[in-house]
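J.: Residue numbering for the first sequence follows our numbering, beginning at 138 and increasing consecutively. From the three backbone atoms N, C-alpha and C, an ideal C-beta is built for every residue, glycine too. Owing to the predicted nature of the structure, the values given are computational and were not obtained by experimental measurement. For reference, the structure I am asking about is given below.
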Amino acid sequence: MKYSQLFGKTSKTVASDADSINAKLLTQAAFIQKQISGVYNYLPLGLRVLTKIQNIIREEMNKIDGQEILMPAMTQEESWITTGRNTMEVLFHLKGQGDTNLVLNPTHEEVVTPLVQKYVFSYRDLPLAVYQIQTKFRNEARAKSGLLRGREFNMKDLYSFHIDETDLNRYYEIVKQAYFKIYERIGIGQETVLTFASGGNFSQFSHEFQTLNEGGEDTIYLCPICRVAVNKEIIDTQKTCPECGSDKLEAVKATEVGNIFKLRTKFSEAFKFYYSDSQGQKKIVEMGCYGMGPSRVMGTVVELRHDDVGIIWPKNIAPYQIHLIGLDGLGEDLYQELLSKNVDVIFDDREISAGAKFADADLIGIPIRLVISQRSQEKGGIEFKLRSEKESEIIEAKDLVSKIIKFYN
RNA sequence: CGGGGAUUGGCGCAAUUGGCUAGCGUGCAUGGUUUGGGACCAUGAGGUUGCAGGUUCGAAUCCUGUAUCCCCGACCA
């Protein structure tokens with residue numbers, strides 16, 4: 138991609154209503170653009186990041202036998218009356234044709250349970266896990282913090298169905314491990330901790346995945362020994378680490394980037410979802426649900442990975458692999474060569490000053506910046522600089538692609 | 001949802017006892033000079049001051065209503 142052709146330009150000033158680091162930097166660098174409070178447009182750079190996050194999640198969900206589906210954003214209100222959740226304050230209500238009452242789904246238990254019920258009748262059909270990556274709508278009392286709390290946001294939701302609690306527990310642990318793998322690949326594994334939360338009526342705990350960061354909305358209580366935490370609900374009832382029993386929990390700020398939950402039979406009972414076991418006996422289906430918001434993860438990454446001049450994207454979710462800056466009219470040949478080697482490159486071909494190009498590269502935050510200029514050629518090649526480092530080095534042209542490949546593998 | 005603040009070219013801002021043709025920066029266009037950390041000069045385009053109504057000789061400025069945004073709080077599978 139040539140930067141001169143890219144839809145969406147950086148700005149020296151930032152919209153005065155940007156209320157958080159992620160909103161400021163993502164808006165200023167033209168990754169997102171706010172439509173209304175808590176609702177954002179994704180521009181090409183932003184969509185690339187979001188898609189990369191989604192694809193990492195998708196790969197890990199597929200590895201644990203999740204089958205991807207796509208459910209609708211709107212549903213008849215009746216399903217929500219069935220479960221008693223039609224009074225949730227975050228529900229958006231709308232009218233269909235005639236007197237049809239519809240809701241915009243804030244989550245999909247009310248959709249997925251009747252859907253799976255149409256195809257699953259026997260223990261032979263279980264276990265089963267389906268997921269989607271889709272838009273959720275929640276009419277939050279107060280949207281805020283850029284991508285961290287929106288009224289419309291992107292979410293991956295996985296639902297699992299089991300013959301009994303034992304099998305639910307087995308799969309729940311598998312999902313837990315898959316989540317850590319995802320955060321690791323996205324580049325926030327170091328800061329993301331398992332957090333014990335209330336389990337509702339049917340299980341002792343649910344689990345949140347909380348990413349430690351100063352700007353976080355949540356306060357959690359971290360065990361320095363086990364590096365697990367408990368949330369406020371739990372600390373109010375037990376003051377110790379659930380793993381080691383330590384009472385030296387530290388209050389820290391964090392952002393919730395995932396939540397997994399044993400639903401048990403709450404929804405299968407509401408929809409009368411039974412299966413026949415090997416004896417032909419009618420049994421209730423056990424369920425789990427597992428949420429993760431790619432858009433919120435994207436915002437959280439920016440909160441965590443930036444400096445005072447811009448974003449510093451982790452390598453697996455950067456919008457491009459290479460930010461190539463051409464000076465002195467150079468760069469086109471190198472750009473074409475990188476493209477031919479399948480390197481994902483954005484080429485700043487604009488006829489503006491070097492300083493402006495450097496400033497934009499810092500703001501956009503692609504992990505590797507290359508500069509090709511008369512100066513770099515006099516020094517024997519191409520300047521190679523990591524966004525996360527201060528110093529640059531000169532690389533000979535023949536070594537460039539292998540160095541790039543090495544960095545990304 | 002309760003309390004507070006704000007709304008002026010694309011973006012960031014200025015303009016009050018109500019007073020001249022609503023300014024500045026940035027961005028944009030054209031020409032020229034520059035050319036490794038957001039260059040400089042010149043010229044130009046771009047605003048019925050969120051919307052609706054009212055007071056007045058005269059409203060960005062005062063009044064009423066309304067919409068939106070932000071902050072604090074409550075809320076938050």
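Would you call the CB atoms of Met424 and Ile190 closer than 9 Å?
T.: Looking up residue 424 in the first sequence gives position 287. Looking up residue 190 in the first sequence gives position 53. Contact: no.
J.: Between Ala166 and Ile448, is the Cβ-Cβ spacing less than 9 Å?
T.: Within the first sequence, numbered from 1, the residue matching residue 166 stands at position 29. Within the first sequence, numbered from 1, the residue matching residue 448 stands at position 311. Yes, the pair counts as a contact, with Cβ atoms nearer than the cut-off.
J.: Please report the Cβ distance between Gly466 and Phe484, rounded to the nearest whole angstrom; I am assuming they are in contact, meaning their Cβ atoms lie under 8 Å.
T.: Stepping through the first sequence from its first residue, residue 466 is reached at position 329. Stepping through the first sequence from its first residue, residue 484 is reached at position 347. Between Phe484 and Gly466 the Cβ distance is about 13 Å, and since that is not below 8 Å, they are no contact.
J.: Please name the residue, chosen from Val267, Ser343 and Ser259, that lies closest to Thr250 on a Cα-to-Cα basis.
T.: Residue numbering aside, residue 250 sits at position 113 when the first sequence is read from its first letter. Nearest C-alpha to Thr250: Val267.
J.: Can you tell me whether DSSP reads Tyr427 as helix, strand or coil?
T.: Along the first sequence, read from residue 1 onward, the residue named residue 427 stands at position 290. In the structure shown, Tyr427 sits in a strand (DSSP, three-state: E or B).
J.: What residue from Leu263, Gly221 and Gly145 has the CA that sits closest to Gly203's CA?
T.: The residue you call residue 203 lines up with position 66 of the first sequence. Per the Cα distances, Leu263.
J.: Just to confirm before moving on: does the CB-CB distance between Gln269 and Lys293 stay below 9 Å?
T.: Here residue 269 corresponds to residue number 132 of the first sequence, with the count starting at 1. Here residue 293 corresponds to residue number 156 of the first sequence, with the count starting at 1. Yes, the pair counts as a contact, with Cβ atoms nearer than the cut-off.
J.: Looking only at its chain, what residues have a beta carbon closer than 6 Å to the beta carbon of Pro379, apart from the 5 residues adjacent to it on each side?
T.: In the first sequence, residue 379 corresponds to position 242, counting from 1. The answer, listed in chain order, is Phe333.
J.: Have a look at Gln327 and Val480 and give me their C-alpha separation to the nearest angstrom.
T.: Here the question's residue 327 lines up with position 190 in the first sequence. Here the question's residue 480 lines up with position 343 in the first sequence. About 28 Å.
J.: Looking only at its own chain, which residues have a Cβ that is under 8 Å from the Cβ of Asn453, when we skip the five neighbours before and after it?
T.: Here the question's residue 453 lines up with position 316 in the first sequence. Contacts found: Lys189, Ile193, Arg322, Ile323 and Gly324.
J.: So the alpha helix (DSSP H) Ala493 belongs to, where does it begin and stop?
T.: Taking the first sequence and counting its residues from 1, one reaches residue 493 at position 356. From DSSP, the alpha helix (DSSP H) with Ala493 extends over Ala491 to Ile501.
J.: At which residues does the beta strand (DSSP E) containing Arg364 begin and terminate?
T.: One-based indexing of the first sequence puts residue 364 at position 227. Where Arg364 is concerned, there is no enclosing beta strand (DSSP E), given that its DSSP letter is neither H nor E.
J.: If you draw a straight line from the C-alpha of Leu295 to the C-alpha of Gly353, how long is it?
T.: Residue 295 sits at position 158 when you count from the first residue of the first sequence. Residue 353 sits at position 216 when you count from the first residue of the first sequence. Near 25 Å, if we compare the C-alpha coordinates of Gly353 and Leu295.
J.: Tell me, please, whether the region 170 to 179 touches the region 278 to 292 by the rule of three or more beta-carbon pairs shorter than 8 Å.
T.: Enough Cβ pairs lie closer than 8 Å, so yes.
J.: Quick check on this structure: which residue in Gly221, Glu310, Gln416 and Leu241 has the alpha carbon closest to the alpha carbon of Arg261?
T.: Numbered from its first residue, the first sequence carries residue 261 at position 124. Looking at the Cα atoms, Gln416 is the closest of the given residues.
J.: Is the region 238 to 245 touching the region 203 to 219, taking contact as three or more C-beta pairs under 8 Å?
T.: Taking 8 Å as the limit for Cβ pairs, the verdict is that the region 203 to 219 does touch the region 238 to 245.
J.: Could you work out which residue in Ile319, Lys139, Asn223 and Thr224 is closest to Met198 when comparing CA atoms only?
T.: The count along the first sequence starts at 1 and reaches residue 198 at position 61. Answer by Cα proximity: Ile319.
J.: Please report the distance separating the alpha-carbon of Lys516 from that of Ile531.
T.: Position 379 of the first sequence, counting from 1, holds the residue named residue 516. Position 394 of the first sequence, counting from 1, holds the residue named residue 531. Using only the alpha carbons, I get a separation of about 7 Å.
J.: Quick check: the Cα distance between Arg307 and Leu537, rounded to an integer number of angstroms?
T.: For the purposes of this step, residue 307 is identified with residue 170 of the first sequence, where counting begins at 1. For the purposes of this step, residue 537 is identified with residue 400 of the first sequence, where counting begins at 1. Cα-Cα distance, rounded: 46 Å.
J.: Unbroken alpha helix (DSSP H) runs of length 4 or more, entirely within the region 199 to 250: which are they?
T.: Segments of the alpha helix (DSSP H) lying fully in the region 199 to 250: 214 to 220.
J.: Mapping the DSSP letters down to three states, classify Thr437 as helix, strand or coil.
T.: Working through the first sequence from its first residue, we reach residue 437 at position 300. Helix, per DSSP.
J.: Count Cβ pairs between the region 427 to 443 and the region 139 to 154 that sit closer than 8 Å; are there 3 or more?
T.: Judged by Cβ distances under 8 Å, the region 427 to 443 makes no contact with the region 139 to 154, as fewer than three pairs qualify.
J.: Taking the straight line between their C-alpha atoms, what separation do you get for Ser297 and Leu265?
T.: The residue you call residue 297 lines up with position 160 of the first sequence. The residue you call residue 265 lines up with position 128 of the first sequence. Going by the C-alpha atoms only, they are around 6 Å apart.
J.: Taking Cβ to Cβ, would you say Gln341 is nearer than 9 Å to Ile357?
T.: Along the first sequence, read from residue 1 onward, the residue named residue 341 stands at position 204. Along the first sequence, read from residue 1 onward, the residue named residue 357 stands at position 220. Not in contact: Gln341 and Ile357 (Cβ atoms no closer than 9 Å).
J.: Could you check where the alpha helix (DSSP H) with Asp536 kicks off and where it finishes?
T.: Within the first sequence, residue 536 is the residue found at index 399, counting from 1. Run containing Asp536: Ala534 to Tyr545, per the alpha helix (DSSP H) assignment.
J.: Helix, strand or coil for Val389, going by three-state DSSP, please let me know.
T.: As a first step, residue 389 must be located in the first sequence, where it is residue number 252. DSSP places Val389 in strand when its eight states are reduced to three.
J.: Does DSSP put Glu289 in a helix, a strand or coil?
T.: Position 152 of the first sequence, counted from the start, is the residue given in the question as residue 289. Here Glu289 sits in strand by DSSP.
J.: Do Leu471 and Asn350 count as a contact pair if the criterion is CB distance below 9 Å?
T.: The sequence position of residue 350 within the first sequence is 213, counting from 1. The sequence position of residue 471 within the first sequence is 334, counting from 1. Contact: no.
J.: Please go through the region 306 to 387 and give each complete alpha helix (DSSP H) segment of 4 or more residues, from N-terminal end onward.
T.: If we require 4 residues or more, the alpha helix (DSSP H) runs fully inside the region 306 to 387 come out as 369 to 372.
J.: Which of the three DSSP states, helix, strand or coil, is assigned to Lys478?
T.: Within the first sequence, residue 478 is the residue found at index 341, counting from 1. Lys478: coil per DSSP, three-state reduction.
J.: For Ser157, which residues from the same chain have a beta carbon less than 6 Å from its beta carbon, with the 5 sequence-adjacent residues on both sides left out?
T.: Here residue 157 is taken as the residue at index 20 of the first sequence, counted from 1. Excluding positions up to five away in sequence, the list reads Ser282 and Gly283.
J.: Between Lys420 and Arg195, what straight-line distance do the alpha-carbon atoms span, to the nearest angstrom?
T.: As a first step, residue 420 is located in the first sequence; it is residue number 283 there, counting from the start. As a first step, residue 195 is located in the first sequence; it is residue number 58 there, counting from the start. Between Lys420 and Arg195, the C-alpha separation is close to 31 Å.
J.: Could you give the DSSP three-state label for Asn178: helix, strand or coil?
T.: Counted from its first residue, the first sequence places residue 178 at position 41. Of the three classes helix, strand and coil, the one that applies to Asn178 here is strand, per DSSP.
J.: Am I right that Ser413 and Ser259 are in contact with their C-beta atoms under 8 Å? What's the rounded C-beta distance?
T.: Stepping through the first sequence from its first residue, residue 413 is reached at position 276. Stepping through the first sequence from its first residue, residue 259 is reached at position 122. With 8 Å as the limit, Ser413 and Ser259 qualify as a contact, their Cβ atoms being about 5 Å apart.
J.: Using the DSSP secondary-structure output, state which residues sit across from Ser259 in a beta bridge.
T.: Against the first sequence, residue 259 aligns to sequence position 122. According to DSSP, Ser259 bridges with Ser413.
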